[in-house]
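A.B. asks: Before we start, here is the structure in question, set down as C-alpha cells.
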Amino acid sequence: MVKLVFLGPPGAGKGTQAVRMAEIYQLPHISTGDILRNNVAEQTPLGIQAKLYMNRGDLVPDKLILGMVDHRLKQPDTENGWILDGFPRNVNQAYFVEKLLLKSKNEKPNVSNSFFVINIEVPGEILVSRLLSRGRKDDNEETIKNRLEVYHQQTKPLVDFYTERQQLISIDGNQSIDAVTNSLKQAVSLSC
Ligand code: ADP
0 MVKLVFLGPP GAGKGTQAVR MAEIYQLPHI STGDILRNNV AEQTPLGIQA
50 KLYMNRGDLV PDKLILGMVD HRLKQPDTEN GWILDGFPRN VNQAYFVEKL
100 LLKSKNEKPN VSNSFFVINI EVPGEILVSR LLSRGRKDDN EETIKNRLEV
150 YHQQTKPLVD FYTERQQLIS IDGNQSIDAV TNSLKQAVSL SC
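Oh and the sequence shown: position 179 is 178 in numbering that gives the first Met the number 0, straight run, nothing missing.
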C-alpha cells in the first residue's frame with residue numbers, strides 16, 4: 000500500500016509528476032484542484048461556492064474541502080493506496096490525513112502502509128513565469144501573487160510538519176520533467 004502526497008507551491012509541477020507516479024504505481028491520482036474545477040464546470044452547489052475562492056486564489060474553506068476528499072477516498076479504487084495532489088494544503092487538512100491513516104492502520108494492521116510527502120522545490124521567480132505561461136483562468140498576475148502568498152502562509156508550514164514526522168521527501172523541481180520523474184522514482188523506491 001503506497002500513499003503519496005504532493006506538496007509544493009503552485010507551478011512546481013505537482014500535477015504533472017503526480018499523474019506520472021499514478022501511472023507507475025497504478026494508483027488513482029486525486030487532485031483537489033481538478034475535482035473543484037469539475038464541480039465549477041458542472042455548476043454543482045460545491046462548485047458554485049468554491050469558484051469565488053478559486054478565482055481570488057484563496058483556499059476553499061475546509062468545511063467544503065474535507066467532505067469532498069473524504070468522499071473521494073472512500074471510492075473502491077483507493078483500496079491499494081492513492082496519490083493526493085493539492086491536499087493537504089494547511090495544517091488542519093494535514094491532521095485530517097493523519098486521522099485517516101491511523102484509521103486505515105487500525106482497520107488493516109497487517110498491511111504495510113507506506114506514506115510519504117513529496118515536496119517539489121522550485122525557486123520563486125521560475126514559478127511565476129511557469130504559471131503565466133500556463134494560462135489557466137486563475138493564472139493571472141494578481142491571483143498568482145495571492146496563491147503564492149497563501150502557499151507561504153498556510154501550506155509551507157507542512158514542510159516542517161512532515162519533516163518532524165520523517166515523512167518528507169524533497170525533490171529538486173528545477174530540472175527537466177523527465178529528470179524530476181526519475182529523481183522521484185528513485186526517492187520513493189528507496190523509502191518504501
Ligand atoms: P495550483 O497547483 O496551481 O495551486 P490547484 O489546481 O492545486 O492549483 O488548485 C487550484 C485552486 O483550487 C486553489 O488556488 C484553491 O483555491 C483550490 N484548492 C485546491 N486544493 C485545495 C485544498 N486542499 N484546500 C483548499 N482549496 C483548494
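Just so it is clear, CB atoms sit at the ideal spot from N, CA and C, and this is done for glycine as well.
Would the beta-carbon of Gly56 fall within 8 Å of that of Val121?
C.D. replies: No, they are not a contact pair.
A.B. asks: Measure the alpha-carbon distance for Asp137 versus Leu100 and round it to whole angstroms.
C.D. replies: Their Cα atoms are separated by approximately 32 Å.
A.B. asks: Are at least three pairs of beta-carbons, each pair with one atom in the segment 4–15 and one in the segment 124–136, less than 8 Å apart?
C.D. replies: Yes, the segment 4–15 is in contact with the segment 124–136.
A.B. asks: Between Gly85 and Ile64, what straight-line distance do the alpha-carbon atoms span, to the nearest angstrom?
C.D. replies: Distance between the alpha carbons of Gly85 and Ile64 is about 11 Å.
A.B. asks: Opposite Ile170 in the DSSP bridges: which residues?
C.D. replies: For Ile170, which the question treats as bridged, DSSP gives the partners Ile119.
A.B. asks: With respect to 7 Å, is the separation between the Cβ of Thr31 and the closest non-hydrogen atom of ligand 1 below this value?
C.D. replies: Within the cutoff, so yes.
A.B. asks: According to DSSP, is Lys104 part of a helix, a strand, or is it coil?
C.D. replies: In this structure, Lys104 counts as helix in the three-state DSSP scheme.
A.B. asks: Enumerate in chain order the residues of its own chain whose CB-to-CB distance from Gln153 is below 7 Å, with the five nearest sequence positions on each side excluded.
C.D. replies: Counting only Cβ-Cβ distances below 7 Å, and skipping sequence neighbours, we find Leu58, Arg88 and Asn89.
A.B. asks: Considering only residues of the segment 3–61, which uninterrupted alpha helix (DSSP H) runs meet the minimum length of 4 residues and lie entirely inside it, listed in chain order?
C.D. replies: Complete alpha helix (DSSP H) runs here, min 4: 13–24, 31–40 and 44–55.
A.B. asks: Take every Cβ of the segment 66–82, pair it with every Cβ of the segment 12–27, and state whether three or more of those distances are shorter than 8 Å.
C.D. replies: Yes, since at least three Cβ pairs between the segment 66–82 and the segment 12–27 fall closer than 8 Å, the two stretches touch.
A.B. asks: Considering only residues of the same chain and omitting the five flanking positions on each side of Ile23, which have a CB-CB separation below 7 Å?
C.D. replies: Counting only Cβ-Cβ distances below 7 Å, and skipping sequence neighbours, we find Lys184.
A.B. asks: Which residue wins for smallest C-alpha separation from Phe114, given the options Val179, Leu189, Thr142 and Asp76?
C.D. replies: The candidate whose alpha carbon is nearest that of Phe114 is Leu189.
A.B. asks: With burial defined as no fewer than 16 other Cβ atoms inside 10 Å of the residue's Cβ, what is the status of Ile176: buried or exposed?
C.D. replies: Under this definition Ile176 is an exposed residue.
A.B. asks: Alpha carbons only, please: which of Pro75, Gln174 and Pro60 is nearest the one belonging to Val149?
C.D. replies: Residue Pro60 is the option with its Cα nearest to Val149.
A.B. asks: What does Leu83 pair with, by DSSP beta-bridge criteria?
C.D. replies: Bridge partners of Leu83: Val4 and Ile29.
A.B. asks: Go to Asn145, then tell me how far its alpha helix (DSSP H) extends in each direction, as first and last residue.
C.D. replies: First-last of the alpha helix (DSSP H) with Asn145: Glu140 to Val149.
A.B. asks: What span of residues does the alpha helix (DSSP H) with Leu72 cover, start to end?
C.D. replies: No alpha helix (DSSP H) holds Leu72; DSSP gives it neither H nor E.
A.B. asks: In this structure, what does DSSP give as the bridge partners for Phe114?
C.D. replies: In DSSP, Phe114 forms a bridge with Lys2.
A.B. asks: With a 10 Å radius around its C-beta and 16 neighbouring C-beta atoms as the bar for buried, classify Thr162 as buried or exposed.
C.D. replies: Exposed, since its Cβ has fewer than 16 Cβ neighbours within 10 Å.
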